[in-house]
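Only one structure is covered here, and it is reproduced in the block below.
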Amino acid sequence: MRNRKVFDGQRGLVLAIFITSMFVNILILTAPLYMLQLFSKVMTSGSLTTLAALTIGAAIALFFYFTFDWLRQRLASRLGARLEVAHGPTVMSGLVDDRELFDAVGNQPVRDLQELRGFVTSPYFTALLDAPWSIMFVAVIFMFHPLLGFVALAGILTLLALAIMNELTSRNVNKQGSATAQKANRTADEVFRNADVARSMGKTPALIKRWRAEALNAVDYANTANNRISFSTSIAKFVRMGLQIAIMGTGVILVLRNELSPGLMLAASILLGRAAAPVEQAISGWSAFLQVRQSVQRLNFLFARRAATKDLMELPAPEGYLAVEDATVIVPEHQQPLVFGVDFQLKPGMSLGLIGPSGAGKTTLARAIVGLQPLTRGFIRIDDSALTDWPVEQIGQYIGFLPQRVELFAGTIAENIATMDPDAAPSLIVEAAKTAQVHDLILSMPKGYNTDVGQMGERLSAGQRQRIGLARAFYGDRKLIVLDEPNANLDPDGEQALARAIGTATSRGAVVVIVTHRHNILRQLTHAGMMQGGRLVKFGPSKDVLNAATTPIAEAAKADGSNVTMFRRHSGAQTQAKVVGESS
């Protein structure tokens, strides 16, 4: 994949903006030239005809000035829109596909695109375009008189020095402020996501205090940067006004010496004001420029990471053979591997239940199987091809995944089952719901498949969200289905429906892998595996693994008969459920 930059593909539009800026700045000479002609021709001759001709000419020039200035604004607006439209999908897919990058920057690149569009359409962008033309205006002033030219040049160089000082004093502070602001925003997002827990447990003040500390840190950096930029802006205004006085004073002296006409003196003053204005405006907008420069750097970094991924050739549609070879996951934050040396194979139509204590590596292995967790060593293979050799868009059509925490999109049940695919066939949506044994549940809702689930599925219960998520995992021609704790929020009827759904999927040749703490579901699977400390310590037919897992629990129960009796006395028929729960 070719490494591209933010402004790649926009050269024609940028060139058009540059050309219109050239005409705008040339036509700015209308006012001083008109004034010069008034003093040199009209006031000396007293000809009203000459005045009328000059005025008509100036009006025509101003009309063209208006036209080119309006066209430049339109082109800048189009450039901003094209940048966001062109790069939006790349940014979104880059954040979705690159979990490491998303963990580092969150959704900041999306906001970076919006900030870039806003900057391109702002007056600060046009000020940057106009600033180089200040040299032309100074050159014209030199043509009026060298002394006026040196005064103008000294003033412009002073403003440029202020701009450089602004850059040196504000760059690092602004960068640190941006980073701390991003951190504060991400903390705020976490507080909002966990608002129910915080409010119910009375921890809202503690969480707000944590966010406030980060927000105040960001405010301190922002205030420091703004204070420095404001200081430079005030000095720039002082210098510009001083230049106006200096150029007028020098001009008066030259007029008194008969070295300059009054018209040239006034024209020089107007030109100097025009030369200094974009530089001054650029200094006042330096904070916005620094922000957008960081945005461009972050976007280019994202594009570079995307370019580092190879364009993969599509492979034949998979049959569904799954092979896990020496799968190992090591992350810097943990001293021990999360998953270490896991090996097993499953043929189409087989199913596997992964059991073991919390922290044993089951979820990490499940995420690795579907390509969400990169392996440090080893391979996940589908039909003998490593998962990393498949184009994500292609293999994703054949993989169904249900995470531990099921979150739905804001939309209807049908849209969520189809993962918001606008071209999804209704028959496939219904088929997936029937496979997941949730069709009748959906029909019992007020609007059936058109029922709106609300933000993140808040209008549904946890069990209903899980079953809708299960239907989503079964949607389409899935050859590999990985379910992480699919029965965590299910009642007995839901568990039976899950078992039937797994049977339906395996009967048509899919491989199903389940992470579970409930052993009852293992009886419906062909294989089971027990994980401990990141290792797959047992693997085989589910009946054999289940017996091996429950035997130590039964022996422990016999050795502690008093506790079991006490439990029976208080819990009655639920004793068996207690033992099974303990075995997980």
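Numbering-wise (the numbering used here), the sequence shown opens with residue 105 and increments by one.
For glycine and all other residues, C-beta sits at the position ideal for the given N, C-alpha and C.
None of the values given here were measured: they were computed from a predicted structure.
Boundaries (first-last residue) of the alpha helix (DSSP H) holding residue i
i	result
THR597	According to the sequence provided, residue 597 is Asp. The question's Thr does not apply to it. From DSSP, the alpha helix (DSSP H) with ASP597 extends over 596-611.
VAL128	115-131
MET240	238-248
VAL586	Where VAL586 is concerned, there is no enclosing alpha helix (DSSP H), although the beta strand (DSSP E) it sits in stretches over 584-588.
MET305	Run containing MET305: none; DSSP gives neither H nor E here.
ASP234	227-234
GLU219	212-224
GLU497	496-499
Residue i, buried or exposed, once every other Cβ within 10 Å from all chains shown has been counted against 16
i	result
TRP174	exposed
PRO136	buried
VAL435	exposed
LEU376	buried
LYS551	exposed
ALA408	exposed
VAL200	exposed
VAL189	exposed
ALA163	exposed
MET305	exposed
GLY113	exposed
MET369	buried
HIS191	buried
LYS583	buried
GLY116	exposed
THR148	exposed
PRO382	buried
LEU450	buried
PHE122	exposed
GLN395	buried
LEU360	exposed
ASN667	Since pLDDT at ASN667 reaches only 38, below the 50 mark, its modelled position is unreliable, and no value is offered.
THR230	buried
ALA577	buried
Short Cβ contact (8 Å threshold) for residue i with residue j
i	j	result
LEU532	ARG571	no
LEU506	GLY573	yes
ALA379	ILE260	yes
ALA322	SER391	no
ARG604	GLN541	yes
GLY598	GLY644	no
SER144	GLY367	yes
LYS279	GLU318	no
TYR553	ALA601	no
ASN591	THR555	no
GLY561	GLU511	yes
GLY453	GLY580	no
GLY355	SER336	no
LEU187	VAL128	no
GLY198	LEU406	yes
LEU491	GLY465	no
Secondary structure of residue i, DSSP reduced to three states
i	result
LYS109	coil
VAL641	strand
PHE513	coil
LEU491	helix
ARG481	strand
LEU419	coil
GLN636	strand
LEU547	helix
HIS623	helix
GLN541	coil
ASP173	helix
SER282	helix
LEU363	The question names Leu, but residue 363 is Glu in the sequence shown. Looking at GLU363 - three-state DSSP - the assignment turns out to be coil, as it is neither helix nor strand.
GLY55	Summary: the structure shown does not reach residue 55, with the chain confined to residues 105 through 688, and so no result is reported for it.
ARG332	helix
ASN298	coil
PRO461	coil
MET524	coil
VAL200	helix
GLU318	helix
Paired residues, beta bridge with residue i - DSSP
i	result
PHE448	VAL428
HIS438	In the DSSP output, where bridge partners are listed per residue, HIS438 has none listed.
SER455	VAL616
VAL433	VAL443
ASP556	THR516
ILE486	LEU426 and SER489
HIS631	LEU456 and PRO645
Enclosing beta strand (DSSP E) for residue i [first to last residue]
i	result
GLY504	503-506
Chain D contact for residue i (CB, 8 Å cutoff)
i	result
GLN498	Annotation note: the requested chain D is absent from the structure, which comprises a single protein chain.
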